[in-house]
Amino acid sequence: MGVLEAASREASLVERPSIVNDFSIVVATANGTGSQTANLAILRAFFKMGIPVNGKNIFPSNIQGLPTWYHIRVSKDGYVARRHTSEILVAFNEVTAHEDIQSLPSGGVCLHNGDWRSVPQRDDITYYAVPVNAFVRETGMKGKLRDYIANMVYVGALAQIIGISINSLDEALDHHFKGRRKLVESNLNVVKAAYEWTAVNLTKTDPYHVAPMNETEGQIMITGNEAAGLGSVYGGVTFSAWYPITPSTSVIDTLNNYLDKLRRDPETGKATYAVVQAEDELAAIGMILGAGWAGARAMTATSGPGISLMAEFAGLGYFAEIPAVIWDIQRVGPSTGLPTRTGQGDLISTYYLGHGDTENVILLPGTVKECFDFGTTSFNLADELQTPVFVLSDLDLGMNNWMSEPFTYPDEPIKRGKVLSAAEVTREYGRYQDIDGDGVGYRTLPGNENPLAAWFARGTGHNAKAVYSERPEDWLANTDRLKRKFETARKLVPTPVVDEAADAKIGILAFGTTMYAIEEARDRLAADGIETSFMRLRALPINDNVKNFVAQYDKVYVIELNRDGQLHKILQTEMPDMAIKLVSLAFLDGMPLTAHWVVEAISSK
975 MGVLEAASRE
985 ASLVERPSIV
995 NDFSIVVATA
1005 NGTGSQTANL
1015 AILRAFFKMG
1025 IPVNGKNIFP
1035 SNIQGLPTWY
1045 HIRVSKDGYV
1055 ARRHTSEILV
1065 AFNEVTAHED
1075 IQSLPSGGVC
1085 LHNGDWRSVP
1095 QRDDITYYAV
1105 PVNAFVRETG
1115 MKGKLRDYIA
1125 NMVYVGALAQ
1135 IIGISINSLD
1145 EALDHHFKGR
1155 RKLVESNLNV
1165 VKAAYEWTAV
1175 NLTKTDPYHV
1185 APMNETEGQI
1195 MITGNEAAGL
1205 GSVYGGVTFS
1215 AWYPITPSTS
1225 VIDTLNNYLD
1235 KLRRDPETGK
1245 ATYAVVQAED
1255 ELAAIGMILG
1265 AGWAGARAMT
1275 ATSGPGISLM
1285 AEFAGLGYFA
1295 EIPAVIWDIQ
1305 RVGPSTGLPT
1315 RTGQGDLIST
1325 YYLGHGDTEN
1335 VILLPGTVKE
1345 CFDFGTTSFN
1355 LADELQTPVF
1365 VLSDLDLGMN
1375 NWMSEPFTYP
1385 DEPIKRGKVL
1395 SAAEVTREYG
1405 RYQDIDGDGV
1415 GYRTLPGNEN
1425 PLAAWFARGT
1435 GHNAKAVYSE
1445 RPEDWLANTD
1455 RLKRKFETAR
1465 KLVPTPVVDE
1475 AADAKIGILA
1485 FGTTMYAIEE
1495 ARDRLAADGI
1505 ETSFMRLRAL
1515 PINDNVKNFV
1525 AQYDKVYVIE
1535 LNRDGQLHKI
1545 LQTEMPDMAI
1555 KLVSLAFLDG
1565 MPLTAHWVVE
1575 AISSK
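Residue numbers (the working numbering): 975 to 1579.
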């Protein structure tokens, strides 16, 4: 490509010290224009350069046309929470340009489409304009491909401005297009052209740079939903039923892809699994409970509205004591809410899902590795406790890419719990007898040849032999046993992760992805002389570890992404003697939490 006429205006700014590997970029585009390929190329290029990085896709709940923003944070210190502000704006959506430019901090950078008639002006930021249409015309591409390739213009210009290597972008595109070099080259050629044009025509006057590091060697990059799907395969899943819903769909997409590769009979090539797209969420959970009763490791994945629809069947699974796994990738509710925004608003609804006195076991992953690991843990717990187990991730963890140590193959044997063989069944056998005193009965599976092994799974009142009963003493015996089983669960669920500071008088309790903002906020608070200790819950019900943690501190802040402080309410209920120590810091606007908010919230108390 020949040298194109420059179309840039540079702000006159005083010289500032270089800022290396410590800033945030936001790319503003329109949904459906193919910008995700470009954004992921930038993200993975940083990763290939060894720089700690995280990306967060803030997208609308439509197919095409509405604004979307992609936040990329590079951090030499390894922080991956969303930053309160972004220093660099790639403005490629004229509709939101005014608002986007106004959101930049003083000293920020705006890289924009130079073909726009006008751009909102500020005298305290740097502007770089790139003539996008000229680059696109020279490719000769038509139709939708023009939109897709236009995004590579800002990739190349940004790469030149801040120092992203072309080799890392080549590797990133190669990864995205799975080695299909023709596609890689067609995109990379535009990147290179914009890169070279920028070098000749734009003078860098901003302080932001990236430089290679060695902080990502040996790591992988993956979404939480992909990790959950893969982990479930290694956890032994053989059946899944589901109904598509944002943001959980990619859990089952990933599951299906890996099952197709890994779960086929080596001799016949036939599938040894089944994945069913049900007509709705009610049918999906009904199917997995049927499969769980039959002995399969069965799962579904959904989000808040699906959880609401599953309530009655979830109660059946709890009361009939049938193993199943339900992944809930949380979004913002109530009702349809914000389908493409993140939150932690399903904690209470899943913990008590089902009418009457129902209590459910919940796993709370905070990392993509835990999403993978809990693929096995959830099935083991469901089998050992003979109950539905819920795994609560969220959109931020589930749909965005995260750095991680490689996953390890689960080498411990699958735990099927108390399952009797034909030889072990005696005339005294009763499905709901509490022989061991832990609330968990012994079950038999269909196909057991002992004529005494059969039992009837029912949601109505029953006695220890699984026979229908309305006798008050049978009801009390059964519900008391279920309560004992829930107490047993406290000893089996994953323990919290704790980081205690020696001189801390303040504690912080949280779960899930709020951990990233909290970890950064704790460092900032410590720099100001405020030491804190942090406990991240990984499961409900809680155990004595939580009570012991709270007892150590004058005040414990419970931080969560919902309006009403749902974890705070659960903790107050389960630790009434310590309720006065617990302070709720709950916040929900649909965006991932920032360290800035955590620091401000704690400092203001």
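Backbone N, C-alpha and C fix where the C-beta goes; we use that ideal spot for every residue, glycine too.
- In terms of Cα proximity to Gln1193, the closest of Ile1025, Leu1078, Met1489 is Ile1025.
- The Cβ atoms of Gly1411 and Lys1392 lie no closer than 9 Å to each other.
- In the DSSP annotation of this structure, the continuous segment of the beta strand (DSSP E) that includes Val1027 starts and ends at 1027-1032.
- Per DSSP, the unbroken beta strand (DSSP E) holding Asn1087 starts and ends at 1083-1087.
- Shortest Cα-Cα distance from Ile1533 to any of Ala1491, Glu1548, Asp1497, Asn1522 involves Ala1491.
- In the three-state reduction of the DSSP assignment, Arg1315 falls in the strand class.
- Within its own chain, the residues whose Cβ lies closer than 7 Å to the Cβ of Phe1348, once the five positions on either side in sequence are excluded, are Gly1205, Leu1337, Pro1339, Val1365, listed in chain order.
- Judged by beta-carbon spacing, Leu1132 lies within the 9 Å limit of Ile1062, meaning their Cβ atoms are closer than that value.
- When DSSP states are grouped into helix, strand and coil, Trp1376 belongs to the strand group.
- The C-alpha of Ser1214 lies about 19 Å from the C-alpha of Lys1389.
- Secondary structure at Gly1481: strand, using DSSP grouped into helix, strand and coil.
- Arg1120 and Ser1160 have their C-alpha atoms some 12 Å from each other.
- Its chain contains Val1158 as the residues whose beta carbon lies nearer than 7 Å to that of Asp1148, once the 5 sequence neighbours on both sides are disregarded; these appear in chain order.
- The three-state reading of DSSP puts Tyr1326 in coil, since its state is none of H, G, I, E or B.
- Look at Lys1465 here: in three-state DSSP terms it is helix.
- Under DSSP, Glu1170 forms no beta bridge with any residue.
- With fewer than 16 other Cβ atoms from the protein chains shown falling within 10 Å of its own Cβ, Val1069 counts as exposed.
- In the DSSP assignment, Phe1346 falls within the alpha helix (DSSP H) that extends over 1342-1359.
- In the three-state reduction of the DSSP assignment, Lys1543 falls in the helix class.
- Within the segment 1361-1414, the complete alpha helix (DSSP H) runs of at least 4 residues fall at 1369-1373.
- Comparing alpha carbon positions, the residue from Asp1357, Gly1372, Phe1020, Asp1448 closest to Arg1417 is Asp1357.
- The segment 1029-1047 makes no contact with the segment 1167-1175, as fewer than three CB pairs between them are under 8 Å.
- Counting C-beta atoms within 10 angstroms of its own C-beta, Glu1073 has fewer than 16 neighbours from the protein chains shown and is therefore classed as exposed.
- Per the DSSP secondary-structure output, His1436 pairs in a beta bridge with Tyr1442.
- Remark: C-beta atoms of Gly1052 and Glu1189 approach each other more closely than 9 Å.
- Taken in chain order, the complete beta strand (DSSP E) segments of 3 or more residues contained in the segment 1019-1075 are 1027-1032, 1041-1049, 1062-1065.
- When only Cα atoms are considered, Ala1272 and Ser1222 end up about 16 Å apart.
- Note on geometry: alpha-carbon atoms of His1436 and Pro1446 lie some 10 Å from one another.
- In the DSSP annotation of this structure, the continuous segment of the beta strand (DSSP E) that includes Lys1529 starts and ends at 1529-1534.
- The DSSP-derived three-state label of Met1552 is helix.
- Around the beta carbon of Lys1244, fewer than 16 other beta carbons sit within 10 angstroms, so the residue counts as exposed.
- Going by beta carbons, Ala1431 and Trp1267 fall inside the 9 Å limit.
- Buried is the label assigned to Asn1375, since at least 16 other Cβ atoms lie within 10 Å of its Cβ.
- Note that the C-beta distance between Ser1035 and Thr1361 is not below 9 Å.
- The DSSP-derived three-state label of Ala1491 is helix.
- Cβ atoms of Leu1535 and Phe1561 come within 8 Å of each other, at about 7 Å.
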